[in-house]
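Here's the structure, in structure tokens; my notes come after.
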Amino acid sequence: MSVDVSEVELVRGCLAGEVAYQRLFVERFEGMIFGLCLRMLSRRHDAEDVSQEVFLRAFRNLHRWDGERPLRPWLLTIAANRCRTHLEERGRRPMPTDLQADWLPERTRTDSRDDAEEIQRAFATLRLEYQQCFVLFYQQELSVEEVAQILDCPEGTVKTWLHRARKEMAEYLRKRGLDPQQELNDHSLDLNSDMN
Amino acid sequence: MTCFDFENRLQESFDLRQPELPDELCAHISHCPACREMQERFQQLHVAVADWQVQPPTAELADAVLRRLRTEHNLVISTSRSTSDGQRSPSHRHSPLTGWMALLASALALVIAVGIGWRVSSNVSFAKRQTSSQTQIANIPVKRLEPVSDPTPTGDRQLDVLVHDARDAYAALASQAWQQVSATNVLLPPTDTPNLFGGEGSTDGVSESLSRPLAPLGKELREAVDSWLQQVFNSQDSST
Ligand SMILES: [Zn+2]
């Protein structure tokens with residue numbers, strides 16, 4: 008099946024019970040949903056479980072989807088809610104102890120300190136609301152307005168949470184002894200070598 | 056520009072994904088190490104987060120979702136089927152075969168009850184003929200069904216008691232058989248046939264209308280048996 012299928016066609020096919028459309032639906036959004044879940048839940052196994060729940064929930068409620076709006080924020084709203092529920096049921100925030108294997112980016116640095124890992128650890132110390140804002144804004148690359156819609160809160164609140172998230176993570180990195188200027192220089196070197 | 060103003064402007068620029076500082080902010084951090092460090096940390100974060108890559112989900116995610124979707128779908132179908140079955144009259148839960156088997160069993164019980172009744176009445180008639188006593192059975196008050204303590208009563212009064220007990224036993228047995236029929240509801244008509252009991256509307260109305268005429272049948276039957284036994288006695292008396 009062509010991947011050029013529009014969202015409306017996709018939803019129509021899913022509602023008609025067409026397995027091919029349902030598969031396409033999952034494949035189109037699984038990276039986005041799984042990414043959010045893994046960021047929020049830290050554990051790959053949990054992220055896969057919750058991702059499945061998100062898609063099942065989406066299929067159950069697909070008839071309520073407003074065709075005028077894009078699917079992506081609608082799905083992210085479901086995913087954010089499911090992650091929140093899962094974390095509440097788990098009874099604690101995601102712990103950074105079991106992050107390494109799941110969170111490491113594919114391109115690992117040869118430096119002794121892996122700053123990506125440090126970012127994950129810093130992220131894991133944030134409050135749930137800050138985490139959601141941060142992931143939606145940075146990883147999903149949504150605007151403040153879109154994040155506010157998904158989290159169902161005022162834009163001003165999102166801005167405050169985002170700023171606090173940045174500050175807390177920056178503070179965490181400072182305490183960990185990361186030199187921002189050095190990191191930025193390393194990044195510039197990486198970009199230059201990629202270009203060459 | 057104060058540090059507070061700087062922080063607000065810095066936040067705005069990062070919220071708009073425009074981390075390049077305007078000249079005003081550059082001027083501030085040139086003489087404010089605290090704000091400069093904050094800006095550098097934010098910038099570092101901005102760069103590091105851009106590298107945030109998550110390994111893709113396992114290839115089975117779509118399969119797992121579709122499998123669960125099918126299971127859920129099948130569950131919904133079977134549930135809706137059983138729900139629609141459950142909305143029908145309880146009698147329709149019996150298969151046709153079960154219904155007819157119950158009817159046969161009930162009929163058999165009735166035949167046995169009639170047979171026993173016939174034997175009891177014959178024996179009573181025989182004993183009555185032996186004593187040549189004339190007793191008005193209808194005048195004897197109805198007694199509760201109790202085991203006969205003395206199997207060989209003598210005298211007219213005792214014979215009357217025996218006859219009455221036997222008649223009650225027969226009526227009770229027959230009534231029990233009818234109640235069995237009533238309990239199994241095997242006489243309930245299917246939904247696509249006219250309601251034989253005058254009920255209207257829903258199937259609930261049918262079962263409701265059925266329960267009313269069946270309930271008093273024990274009493275009616277008892278009266279019918281009474282009159283039938285009376286006729287038997289009368290005919291036997293007149294023949295002797
Ligand atoms: Zn300052």
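Residue numbers (our numbering), protein chains in the order written: chain D, 8 to 203; chain V, 56 to 295.
Where is the CB? At the ideal position from N, CA and C, for every residue including glycine.
Please read these numbers as outputs of a predicted model, since none were measured by experiment.
Query raised in the report: Can you find a C-beta in chain V that's less than 8 Å from the C-beta of Glu55(D)?
Result: yes
Query raised in the report: So, Ala177(D) versus Phe97(V), is the Cβ gap smaller than 8 Å?
Result: yes
Query raised in the report: Of all the options Leu45(D), Phe66(D), Glu136(D), Ser150(D), which has the alpha carbon lying nearest to the alpha carbon of Gly24(D)?
Result: Phe66(D)
Query - Pocket of ligand 1 defined by Cβ to heavy atom distance under 6 Å - result: Cys58(V), Phe61(V), His83(V), Cys87(V), Ala89(V), Cys90(V)
Report task. Compare the C-alpha of Cys44(D) against each of Ala155(D), Ala87(D), Arg171(D), Glu96(D) and name the closest. Result -> Nearest option by C-alpha distance: Ala87(D).
**Report entry** chain D residues whose Cβ lies nearer than 8 Å to that of Arg123(V)
**Finding:** Gln59, Leu63
Query raised in the report: Of all the CB atoms in chain D, is at least one closer than 8 Å to the CB of Gln99(V)?
Result: yes
Query raised in the report: Along the chain, where does the alpha helix (DSSP H) that runs through Pro80(D) open and close?
Result: 78-97
Query - Close beta carbons around Glu130(D), own chain, < 7 Å, minus the five adjacent residues each side - result: With the sequence shown as reference, residue 130(D) is identified as Phe, and Glu is not the correct amino acid for it. If we look at Phe130(D) and ignore the five residues flanking it on each side, its Cβ neighbours are Gln138, Phe141, Met176.
Query - Val104(V) versus Gln127(D): straight-line alpha-carbon distance, rounded - result: 9 Å
Requested in this report: Anything in the stretch 67-78 of chain V with a Cβ closer than 9 Å to a Cβ of chain D? List those residues in chain order, please.
Outcome: Glu67, Phe69, Asp70, Leu71, Arg72
**Report entry** Spatially closest choice to Ala155(D) from Thr84(D), Tyr179(D), Leu94(D), Arg183(D), by CA coordinates
**Finding:** Thr84(D)
Query raised in the report: Short check: CB of Glu152(D) to CB of Glu162(D), under 8 Å?
Result: yes
Query raised in the report: Helix, strand or coil: how does DSSP classify Pro23(V) here?
Result: No answer is possible for residue 23(V): the residues shown for chain V start at 56 and end at 295.
Query raised in the report: So what's Gly24(D) in DSSP terms, helix, strand or just coil?
Result: coil
Requested in this report: From the DSSP output, in three-state form, read off Val18(D) for me.
Outcome: helix
Requested in this report: Mind reading off the beta-carbon distance from Leu22(D) to Leu82(D)? Whole number of angstroms is fine, and I expect it under 8 Å.
Outcome: Between Leu82(D) and Leu22(D) the Cβ distance is about 15 Å, and since that is not below 8 Å, they are no contact.
Query raised in the report: In chain V, what lies closer than 9 Å to Glu124(D) by C-beta?
Result: Neighbours of Glu124(D) on chain V: none; closest Cβ ~10 Å, over 9 Å.
Requested in this report: Check each candidate in Arg134(D), Phe32(D), Asp73(D), Gly74(D) and name the one with the smallest Cα separation from Gln59(D).
Outcome: Among Arg134(D), Phe32(D), Asp73(D), Gly74(D), the Cα nearest to that of Gln59(D) belongs to Phe32(D).
Query raised in the report: Whose C-alpha, out of Arg134(D), Leu17(D), Lys166(D), is nearest the C-alpha of Gly74(D)?
Result: Nearest option by C-alpha distance: Leu17(D).
**Report entry** Simplified DSSP assignment, three categories, for Leu242(V)
**Finding:** For Leu242(V), the predicted model reports a pLDDT of 41, less than 50, meaning its position is unreliable; a value from the coordinates is still stated below. Three-state DSSP puts Leu242(V) in coil, outside helix and strand.
Query raised in the report: Under the rule that 16 or more other beta-carbon atoms within 10 Å means buried, what is Cys81(V), buried or exposed?
Result: exposed
Query raised in the report: Under 8 Å, do Leu48(D) and Val61(D) count as touching if we go by C-beta distance?
Result: The answer is no: Cβ separation not under 8 Å.
Query raised in the report: Does the beta-carbon of Val197(V) have 16 or more other beta-carbons within 10 angstroms, so that it is buried, or is it exposed?
Result: Legend: pLDDT at Val197(V) = 41, less than 50; position of this residue unreliable, value from coordinates given subsequently. Exposed, by the Cβ-count rule.
Requested in this report: Buried or exposed for Arg51(D), please, with buried defined as at least 16 other CB atoms from any protein chain shown within 10 angstroms of its CB.
Outcome: buried
Query raised in the report: Once you ignore the five residues that flank Leu78(D) on each side, which residues in its own chain have a CB closer than 6 Å to its CB?
Result: Within the same chain, Leu78(D) has close Cβ partners Glu14.
Query raised in the report: Interface residues of chain V around Glu34(D) at Cβ under 9 Å?
Result: Result: Leu116, Ala117.
**Report entry** chain D contact residues for Arg96(V), given Cβ-Cβ distances below 9 Å
**Finding:** Under the 9 Å cutoff, chain D gives Arg173, Lys174, Met176, Ala177, Glu178, Leu180, Arg181, Leu185, Pro187.
Requested in this report: Please confirm if the stretch 86-94 of chain V is in contact with the stretch 111-129 of chain V, defined as three or more CB-CB distances below 8 Å between the two stretches.
Outcome: By the C-beta criterion, the stretch 86-94 of chain V is judged not to be in contact with the stretch 111-129 of chain V, since fewer than 3 inter-stretch pairs fall below 8 Å.
Query - Neighbouring residues, chain V, relative to Arg30(D) (Cβ below 9 Å) - result: The contacting residues are Ala117, Asp118, Val120, Leu121.
Requested in this report: Would you identify the three-state DSSP class for Ser146(V), choosing helix, strand or coil?
Outcome: At Ser146(V) the pLDDT is 41, less than 50, meaning the model places this residue with poor confidence; the figure from the coordinates comes in the next sentence. DSSP places Ser146(V) in helix when its eight states are reduced to three.
Report task. Report, in whole angstroms, the separation of the C-beta atoms of Arg173(D) and Phe69(V), which I expect to be a contact under 8 Å. Result -> 7 Å
Query raised in the report: Applying a beta-carbon distance threshold of less than 8 Å, which residues of chain D neighbour Thr113(V)?
Result: Glu55
Query raised in the report: Which term fits Leu130(V), buried or exposed, when burial requires 16 or more other beta carbons within 10 angstroms of its beta carbon?
Result: exposed
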